[in-house]
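Here the protein sequences come in this chain order: G and E. Just add 70 to wherever you are in the first sequence, counting from 1, and you've got my numbering. Just add 10 to wherever you are in the second sequence, counting from 1, and you've got my numbering. Note sheet for the following structure.
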Amino acid sequence: MRGQFLPLALVRPNREVSLMAVTGGQGLRRRLNDMGLSKGVKFKVIHASAVGPCIISLGNSRLVLGRGMAQKILVKEE
Amino acid sequence: MSKRLTIALAGNPNSGKTTVFNSLTGSRQHVGNYPGVTVEKKEGNLNYKGYEITVIDLPGTYSLTAYSIDEIVTRNFVVEEKPDVVIDVIDASNLERNLYLATQFMELEVPLVLAFNMFDVAEKQGLAVDKKRLSELLGCPIVFTVATKKTGITELLEEAIKLKEGPVILKKVRLDYGREMEEEIKKIGDILTEDRVLTQKYASRWLAVKLLESDSEVIKKAKASLHAGRVLEQTEKSINHLKNIFGDNPEAVIAERRYGLISGACSEAAQRTYELRHTTSDKIDKVLVNRVLGLPIFLGLAWLLFRFVFGFSQPLMRWIEIGQAWLQQLAGSFLPEGSVIQSLVVNGVIGGVGSVLVFVPVIFLLFLVMAILEDSGYMARVAFIMDRFMHKLGLHGRSSIPMLLGFGCTLPAIMAARTIDDQKDRLVTILVNPFMSCGAKLPFYALFIAAFFPGRMAGNILFSLYMLGIIVAIIMAKLFRRYLFRGPANPFVMELPPYRMPTLKGLLIHMWERGVVYLKKAGTVIFIGCVLVWFLSNFPWDPQRSMQNSYAGKIGRAIAPVFKPLGFNDWRLSVGLIGGFIGKEIVVGTLGTLHSVDQAGNGATSLREVLQNQTQADGSKMYTPLVAYAAMVFVLLYIPCIAVIGVIKKETNSWRWPLFTVFYTTAVAWIVALIVYQGGRLLGLG
Chain G
71 MRGQFLPLAL
81 VRPNREVSLM
91 AVTGGQGLRR
101 RLNDMGLSKG
111 VKFKVIHASA
121 VGPCIISLGN
131 SRLVLGRGMA
141 QKILVKEE
Chain E
11 MSKRLTIALA
21 GNPNSGKTTV
31 FNSLTGSRQH
41 VGNYPGVTVE
51 KKEGNLNYKG
61 YEITVIDLPG
71 TYSLTAYSID
81 EIVTRNFVVE
91 EKPDVVIDVI
101 DASNLERNLY
111 LATQFMELEV
121 PLVLAFNMFD
131 VAEKQGLAVD
141 KKRLSELLGC
151 PIVFTVATKK
161 TGITELLEEA
171 IKLKEGPVIL
181 KKVRLDYGRE
191 MEEEIKKIGD
201 ILTEDRVLTQ
211 KYASRWLAVK
221 LLESDSEVIK
231 KAKASLHAGR
241 VLEQTEKSIN
251 HLKNIFGDNP
261 EAVIAERRYG
271 LISGACSEAA
281 QRTYELRHTT
291 SDKIDKVLVN
301 RVLGLPIFLG
311 LAWLLFRFVF
321 GFSQPLMRWI
331 EIGQAWLQQL
341 AGSFLPEGSV
351 IQSLVVNGVI
361 GGVGSVLVFV
371 PVIFLLFLVM
381 AILEDSGYMA
391 RVAFIMDRFM
401 HKLGLHGRSS
411 IPMLLGFGCT
421 LPAIMAARTI
431 DDQKDRLVTI
441 LVNPFMSCGA
451 KLPFYALFIA
461 AFFPGRMAGN
471 ILFSLYMLGI
481 IVAIIMAKLF
491 RRYLFRGPAN
501 PFVMELPPYR
511 MPTLKGLLIH
521 MWERGVVYLK
531 KAGTVIFIGC
541 VLVWFLSNFP
551 WDPQRSMQNS
561 YAGKIGRAIA
571 PVFKPLGFND
581 WRLSVGLIGG
591 FIGKEIVVGT
601 LGTLHSVDQA
611 GNGATSLREV
621 LQNQTQADGS
631 KMYTPLVAYA
641 AMVFVLLYIP
651 CIAVIGVIKK
661 ETNSWRWPLF
671 TVFYTTAVAW
681 IVALIVYQGG
691 RLLGLG
């Protein structure tokens, strides 16, 4: 599995990942960008779920990503 | 005349912006709205070194795109009102991300001061900043602040005054987007400069960058320009050209450059050793947002707070009522018995003021609790915990608190909807909130259930009413989402701030400013409404005070046929329902008066018997259990009280939504009660 893109929703907690792509629309991409989630950025998954929201640790902050968004964010496990 | 200085305060949510605002202005604040939108506008004043300084607290934003109404408001304010100085409050523990907003103020070319807030926390984590060097790299002065301890606040003012008085010492930094991008920016910018009207207000370079970012608001502005065709044509050409070069949207490249500038500057002038400040927070979160424990803990806590707010406010409300009754008696004894003036003062004015004041304890206590939840950081967790459930209602987790509060009192619940930052979600939450059965409807249920559903049925009937309210709210929320507030749901991305101990001063300020808004704005509407209803129920003047012949009585009789299909054959009920517009608890009182029940005695019990035995002309019972149930359904769903209408007016900043609420809730109530009654008859229940 190492090196492959997978949706954030499938990552197990406490894994470090890099953001590789966002499959959503422009609005979502822009929003994520504003929050510091740009391509290549590394973060840690704290709480992931396919149906509910996720929590990630980015730099020094914790972000909640709404339901469904975790399906649209493709990451690579480090 | 003293000199004037306006400072706009900007910053990310959770950067401590509000604390900086409070430290700057103390209690000299007032809250209003930005024209035409529901975004709150907070202003405060202070005097410093001969300057009369006005500080405007802009909404917390991450960026200045046209993503949300908050961002548009912030941007428009800075561009159109041209404050003398913008102070961007930055969470020092989170420099890189917070500076992203700063780069956008730099693009707007506004006089900018950066406040690196909560610097003590960041220092503890090993952050070391070369202030002089970083100021040079970013082209604006930096002040280290700890707003909770008032550190750095005067220094902020000093820097602001320096910027106002000039000469500017620091060289402005212009963000370089790279050769290819700059070429396109120049091409678009050149066409834009031909439109003097537009570029007088906005820097042409900024407009060009925003066009390349496909900013919807700026595109709208460009379309209104004299050279709209050429501008848009060039923009499209440039975007396609850049897409070919970078293999990505120009806006992604632009964002990358901004982050590039930031990380370049930070790596040169800010060192840090990572030591996450969230360790304690994460430990608490292990329990509070736990998959299994999170929801029960939240519901338990909500229940406790609910009990606290409504429990503590009840005795206070009773005192206000006692005080009101005493005042009414006093005023009544001074004024001529049975005169118009006596009735106006006693029932109209004092009664009207009383119905405004009686909500004060519950509202202030509620806002205190809300402030604790928000300032401690738990509110953001609630949104997370409830998100999955609220999604089924077509809403986000943020709506859960207002919906729960609705079971106590709709009025503070609607005010609590302010914490929802998505405007569509907020409106839907406000519009469906009246269906959450509030406490004032209980006396009516109590009367009718006691009269027609004795014994073990009682609890189930009451429960079914609450459930019906929730179901109607869900259906209406879905309908509104689909037809009224269409468009994709905004992506729900939110920061979880670390848990913090709220400060007493912060809590009191938050409670006070929101409570005062209620008193000032909603209070006037409620008061006028009460006097109006007093007029309707007392005129044409009749010293005997029989409401039967008043305008309200006449209206009641006139609209009685409307209720016929619902099975209500009692004109007194129609009058009572009209009276319920002041407050739902009034319906029972009006019914009692009109049925001329001996109020001195055990009012409710005797009224119960009267209702049970009331017959129609043909000898059949006026109220059957089915009719009673339909009546309760109608009371549950129909028009919220006038106080709620006043608050909806205040909160949405227009008459459109309160009027809409009046009509749609009544229509829903009529239809559902009709289904209940006619359906029940078909099933042979009545």
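Backbone N, C-alpha and C fix where the C-beta goes; we use that ideal spot for every residue, glycine too.
Residues sharing a beta bridge with residue i, DSSP
i                            : result
glutamine 281 of chain E     : E:Ala138
valine 134 of chain G        : G:Ile125 and E:Met504
glutamine 39 of chain E      : E:Gly54
alanine 18 of chain E        : E:Ile66 and E:Val96
phenylalanine 154 of chain E : E:Phe126
lysine 631 of chain E        : E:Thr625
threonine 161 of chain E     : E:Val156
lysine 13 of chain E         : E:Tyr61
aspartate 101 of chain E     : E:Asn127
Exposure label - residue i; buried when at least 16 CB within 10 Å
i                            : result
glycine 611 of chain E       : Unreliable placement is indicated for glycine 611 of chain E, whose pLDDT of 40 sits below 50; no coordinate value is reported for it.
aspartate 80 of chain E      : buried
tryptophan 544 of chain E    : buried
valine 120 of chain E        : buried
arginine 206 of chain E      : exposed
leucine 221 of chain E       : buried
phenylalanine 399 of chain E : exposed
isoleucine 538 of chain E    : exposed
asparagine 84 of chain G     : exposed
glutamate 246 of chain E     : exposed
leucine 421 of chain E       : buried
isoleucine 681 of chain E    : exposed
leucine 105 of chain E       : buried
alanine 279 of chain E       : buried
Integer Cβ distance of residue i from residue j, believed to fall under 8 Å
i                            : j                         : result
arginine 282 of chain E      : threonine 113 of chain E  : About 20 Å separates the two Cβ atoms, so there is no contact after all.
proline 512 of chain E       : isoleucine 382 of chain E : 6 Å
aspartate 431 of chain E     : serine 78 of chain E      : 7 Å
glutamate 243 of chain E     : isoleucine 440 of chain E : About 43 Å; that fails the 8 Å criterion.
isoleucine 100 of chain E    : glycine 21 of chain E     : 7 Å
valine 585 of chain E        : glycine 362 of chain E    : Not a contact, Cβ separation roughly 20 Å.
alanine 393 of chain E       : glycine 407 of chain E    : 4 Å
phenylalanine 454 of chain E : valine 598 of chain E     : 6 Å
isoleucine 63 of chain E     : leucine 56 of chain E     : 5 Å
methionine 128 of chain E    : glycine 36 of chain E     : The pair is not a contact, with the Cβ atoms about 20 Å apart (cut-off 8 Å).
leucine 111 of chain E       : leucine 74 of chain E     : 7 Å
phenylalanine 87 of chain E  : alanine 102 of chain E    : Between alanine 102 of chain E and phenylalanine 87 of chain E the Cβ distance is about 25 Å, and since that is not below 8 Å, they are no contact.
N-terminal and C-terminal residue of the alpha helix (DSSP H) that residue i is part of
i                            : result
serine 410 of chain E        : 410-415
glycine 126 of chain E       : The sequence given here places phenylalanine at residue 126 of chain E; glycine does not occur at that position. Note, phenylalanine 126 of chain E: premise wrong, no alpha helix (DSSP H); beta strand (DSSP E) at 122-127.
arginine 107 of chain E      : 105-118
histidine 117 of chain G     : Looking at the DSSP string, histidine 117 of chain G is not in any alpha helix (DSSP H); the run it does join, the beta strand (DSSP E), is 112-117.
lysine 253 of chain E        : 238-256
phenylalanine 573 of chain E : 561-573
leucine 326 of chain E       : 304-344
arginine 673 of chain E      : Looking at the sequence itself, residue 673 of chain E is phenylalanine, so the reference to arginine does not match. Here the alpha helix (DSSP H) through phenylalanine 673 of chain E covers 666-692.
alanine 91 of chain G        : It is not in any alpha helix (DSSP H) - alanine 91 of chain G instead sits in the beta strand (DSSP E) that spans 86-92.
glycine 456 of chain E       : One point to set straight first is that residue 456 of chain E is alanine, not glycine, in the sequence displayed. Looking at the DSSP string, the run of the alpha helix (DSSP H) that includes alanine 456 of chain E is 452-462.
tyrosine 476 of chain E      : 467-489
aspartate 295 of chain E     : 289-298
leucine 168 of chain G       : No statement about residue 168 of chain G is possible, as the shown extent of chain G runs from 71 to 148 and does not include it.
asparagine 86 of chain E     : 79-86
leucine 202 of chain E       : 189-203
Continuous beta strand (DSSP E) stretch holding residue i: start and end
i                       : result
tyrosine 388 of chain E : Counting along the chain, tyrosine 388 of chain E falls outside any beta strand (DSSP E), though it belongs to the alpha helix (DSSP H) covering 388-401.
lysine 30 of chain G    : Since the displayed chain G opens at 71 and closes at 148, residue 30 of chain G lies outside it and no answer follows.
leucine 77 of chain G   : Per the sequence shown, the amino acid found at residue 77 of chain G is proline instead of leucine. Counting along the chain, the beta strand (DSSP E) containing proline 77 of chain G begins and ends at 75-77.
* Check distances from the C-beta atoms of the segment 117-131 of chain G to those of chain E and list, in chain order, the residues that come in under 9 Å. => His117, Ser119, Val121, Gly122, Pro123, Ile125, Ser127, Leu128, Gly129, Asn130 and Ser131
* Asked: Taking Cβ-Cβ distances below 8 Å as the criterion, which residues of the segment 103-132 of chain E are in contact with chain G?
  -> Ser103, Asn104, Glu106, Arg107 and Tyr110
* Where the segment 233-247 of chain E meets chain G: residues whose CB sits under 8 Å from a CB there -> none
* Using a beta-carbon distance cut-off of less than 8 Å, what residues from the segment 380-398 of chain E approach chain G? -> Ala390, Ala393, Phe394, Asp397 and Arg398
* Using a beta-carbon distance cut-off of less than 9 Å, what residues from the segment 80-107 of chain G approach chain E? -> Gly94, Gly95, Gln96, Gly97, Leu98, Arg99, Arg100, Arg101, Leu102, Asn103, Asp104, Met105, Gly106 and Leu107
* To do: Residues of the segment 62-85 of chain E with a CB closer than 7 Å to any CB of chain G: list them in chain order, please.
  => Tyr72, Ser73, Thr75 and Tyr77
* Scan the segment 207-230 of chain E for residues whose Cβ lies nearer than 9 Å to a Cβ of chain G and list them as they occur along the chain. => Glu223 and Ser224
* To do: Quick one: which residues of the segment 263-279 of chain E get their C-beta closer than 7 Å to a C-beta of chain G? List them in chain order.
  => Ala265, Glu266 and Tyr269
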